[in-house]
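This report concerns only the one structure given below.
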Amino acid sequence: MGARIVFHIDFDYFYAQCEELRRPKLKTKPVSVCMFSDRGGDSGAIATANYTAREFGVKSGIPISFARKMLKDRKDAIFLPADFDYYSDISEKAMSIMEEFADIFEYVGRDEAYLDVTKRTDSDFGKAGYLAQQIKNAIKNKLKLGCSVGVSPNKLLSKIASDHHKPDGLTIVPPEKIEAFLEPLKIRAIPGIGKKSEEYFSQMNIQTVGELKKLDVFSLNREFGRKTASYIFNAARGISDEPVKEKKPSSQYSKIMTLKKDSKEYEFLLENTISLCCELHEVIKKNGRLFRSVGMQFVQSDMSSKTKSRLLKNHTASLGELQKTAQQLLREALEDQTKTVRRLGVKVSELSEGKGQSDITSYF
Ligand code: DGT
Ligand code: CA
Ligand code: CA
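Letter by letter, the sequence shown follows residues 13 to 376 in our numbering.
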């Protein structure tokens, strides 16, 4: 077996691009997607902006009021509230197109994924480049969605490479080009190196990845601790052996079981509900997701179905909250229950990414 070949695919200015898709006239205007807070007015932050708005300094995380000031001379500037359901819908479609092209497919978040394509390309970077272009074309033709792709022997390098040319990029880094690719890059290009580490390194006159390589692992250890130090040391050399792990996107998770006996007895059903919640919670945890909606399903002895669901105030990953909500739903469902229950199910939906998905936390 030759070198691994891993793709990182990241959709360009994702939320704003989604807005352009449904209103193509927006394309020539500065578009900012906003997360308005419930305090009203302009309070809240920018989720993302298209490249026209970025030319004026607008970017993710800044207050909406700042963005308005930056764009005050553009009478055509557009500010839209984020519509996550719509973005998730486009994301799911794009993910299912990409899955077809992978040996192993790892969903990372709404706008990115890793694909291990080692087998289907026979470890050949020429074939891999061709495959990457095919994927870009498929997403473009079917959804009109643009993305940037990094191709390299590992996840870390591919993540850096996908960010190298944006939008609509394709950056291929075969093993023999790793050094030449990495050395001139700003250290910030390494996922996990943020403002603070950047300041620390710049005091030592280190700006580029090439310069970072001059530091030995011991001085890095002293500053960052063993784990982070070894990550930085290896990252500067393009080394990372984290495997691409199969993970599919899902808009809901559920667990359903056939009961030992048909029943409409609260205590018996509660006991089973609680254990279903535990199993379901394992899945939620494994996928690093938060949920906001909890649902309960009965398949009754005549095979008819009964469902109840509740939307929580906030997204959560709490097992306690899941069990408490399921218990309430169970009690409500049993209020007018005449038939016995044969199968019992618990479901969570309205999912969002947990904290675990951000680059920094998953790398450090
Ligand atoms: P790019 O650079 O063309 O990939 O642009 P985006 O907007 O796709 O940026 P990316 O990939 O870092 O993030 C994907 C989506 O995640 C983005 O469309 C909005 C959301 N997002 C990113 N950063 C933030 C942030 O700081 N706050 C909030 N609320 N959302 C963010
Ligand atoms: Ca993106
Ligand atoms: Ca991204």
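Glycine is no exception: its CB is placed at the ideal position from the N, C-alpha and C atoms.
**First and last residue of the uninterrupted alpha helix (DSSP H) at Y98** = Residue numbering aside, residue 98 sits at position 86 when the sequence shown is read from its first letter. Where Y98 is concerned, the enclosing alpha helix (DSSP H) stretches over 96–111.
**Asked** Does ligand 2 have a heavy atom nearer than 8 Å to the CB of I124?
**Response** One-based indexing of the sequence shown puts residue 124 at position 112. What sits at residue 124 in the sequence shown is Glu, not Ile. Because some heavy atom of ligand 2 lies under 8 Å away, the Cβ of E124 counts as near it: yes.
**Prompt:** So what does DSSP say about F19, is it helix, strand or coil?
**Reply:** By one-based count along the sequence shown, residue 19 stands at place 7. Note: F19 maps to strand in three-state DSSP.
**Request:** For ligand 1, enumerate in chain order all residues having a CB closer than 6 Å to any of its heavy atoms.
**Result:** These are the residues, in chain order, with a beta carbon less than 6 Å from any non-hydrogen atom of ligand 1: D22, F23, D24, Y25, F26, Y27, M47, A57, A59, T60, S72, G73, D123, K178, P179.
**Asked** DSSP puts T133 in a beta bridge; with which residues?
**Response** Within the sequence shown, numbered from 1, the residue matching residue 133 stands at position 121. None; T133 has no bridge partner.
**Request:** Determine the direct distance from the alpha carbon of G300 to that of R249, and round the result to whole angstroms.
**Result:** Sequence index remark: in the sequence shown, residue 249 carries index 237 (1-based). Sequence index remark: in the sequence shown, residue 300 carries index 288 (1-based). Whole-angstrom Cα-Cα distance: 29 Å.
**Asked** Can you pull the DSSP bridge partners for P75?
**Response** Here residue 75 is taken as the residue at index 63 of the sequence shown, counted from 1. The partner list for P75 (beta bridge, DSSP) reads A57.
**Asked** Per DSSP, what kind of secondary structure is H177 in: helix, strand or coil?
**Response** If you number the sequence shown from 1, residue 177 lands on position 165. Three-state DSSP puts H177 in coil, outside helix and strand.
**Prompt:** Does DSSP classify P36 as helix, strand or coil?
**Reply:** Counted from its first residue, the sequence shown places residue 36 at position 24. In this structure, P36 counts as helix in the three-state DSSP scheme.
**Request:** May I ask which residues mark the beginning and end of the beta strand (DSSP E) holding Y126?
**Result:** By one-based count along the sequence shown, residue 126 stands at place 114. 124–128 is the extent of the beta strand (DSSP E) around Y126.
**Inter-residue CB distance, I58 and S72 (contact presumed, cutoff 8 Å)** = Within the sequence shown, numbered from 1, the residue matching residue 58 stands at position 46. Within the sequence shown, numbered from 1, the residue matching residue 72 stands at position 60. Confirmed, about 6 Å.
**Message:** Under DSSP, the beta strand (DSSP E) around F117 begins and ends at which residues?
**Reply:** Taking the sequence shown and counting its residues from 1, one reaches residue 117 at position 105. Counting along the chain, the beta strand (DSSP E) containing F117 begins and ends at 116–121.
**Request:** Return the chain-ordered list of same chain residues with a C-beta closer than 8 Å to the C-beta of A61, the five sequence neighbours on each side being excluded.
**Result:** Walking along the sequence shown from the start, residue 61 turns up at place 49. Same-chain partners within the cutoff: Y25, A28, P42, V43, S44, V45, V70, K71, S72, A79.
**Message:** If you measure between the beta carbons of L323 and S305, is that distance less than 9 Å?
**Reply:** As a first step, residue 323 is located in the sequence shown; it is residue number 311 there, counting from the start. As a first step, residue 305 is located in the sequence shown; it is residue number 293 there, counting from the start. Yes. Within cutoff.
**Asked** For the alpha helix (DSSP H) that G237 lies in, which residues bound it at each end?
**Response** As a first step, residue 237 is located in the sequence shown; it is residue number 225 there, counting from the start. Run containing G237: none; DSSP gives neither H nor E here.
**Prompt:** Assuming A106 and F23 make a contact with CB atoms under 8 Å, what is their CB distance in whole Å?
**Reply:** Looking up residue 106 in the sequence shown gives position 94. Looking up residue 23 in the sequence shown gives position 11. Confirmed, Cβ separation roughly 7 Å.
**Asked** Quick one: Cα of K39 to Cα of E32, how far?
**Response** Walking along the sequence shown from the start, residue 39 turns up at place 27. Walking along the sequence shown from the start, residue 32 turns up at place 20. The alpha-carbon atoms of K39 and E32 are separated by roughly 6 Å.
**Request:** Just tell me which of F137, G158, S100, F193 has its CA closest to the CA of L169.
**Result:** As a first step, residue 169 must be located in the sequence shown, where it is residue number 157. Selected option, being the one with the closest Cα: F193.
**Request:** Would you decide whether H177 is buried or exposed? Buried here means 16 or more other CB atoms lie within 10 Å of its CB.
**Result:** For this step, residue 177 is matched to residue 165 along the sequence shown. Classification of H177: exposed, given that the 10 Å Cβ count is below 16.
**Asked** In three-state terms, what does DSSP make of A28?
**Response** As a first step, residue 28 must be located in the sequence shown, where it is residue number 16. Residue state, collapsed to three classes: helix.
**F121 CB to nearest heavy atom of ligand 3 below 8 Å** = Position 109 of the sequence shown, counting from 1, holds the residue named residue 121. The sequence given here places Gly at residue 121; Phe does not occur at that position. Because some heavy atom of ligand 3 lies under 8 Å away, the Cβ of G121 counts as near it: yes.
**Asked** According to the neighbour-count rule (16 or more other Cβ atoms, all chains shown, within 10 Å of its Cβ), is G138 buried or exposed?
**Response** Residue mapping note: residue 138 aligns to position 126 of the sequence shown, counting from 1. Per the 10 Å Cβ criterion, exposed.
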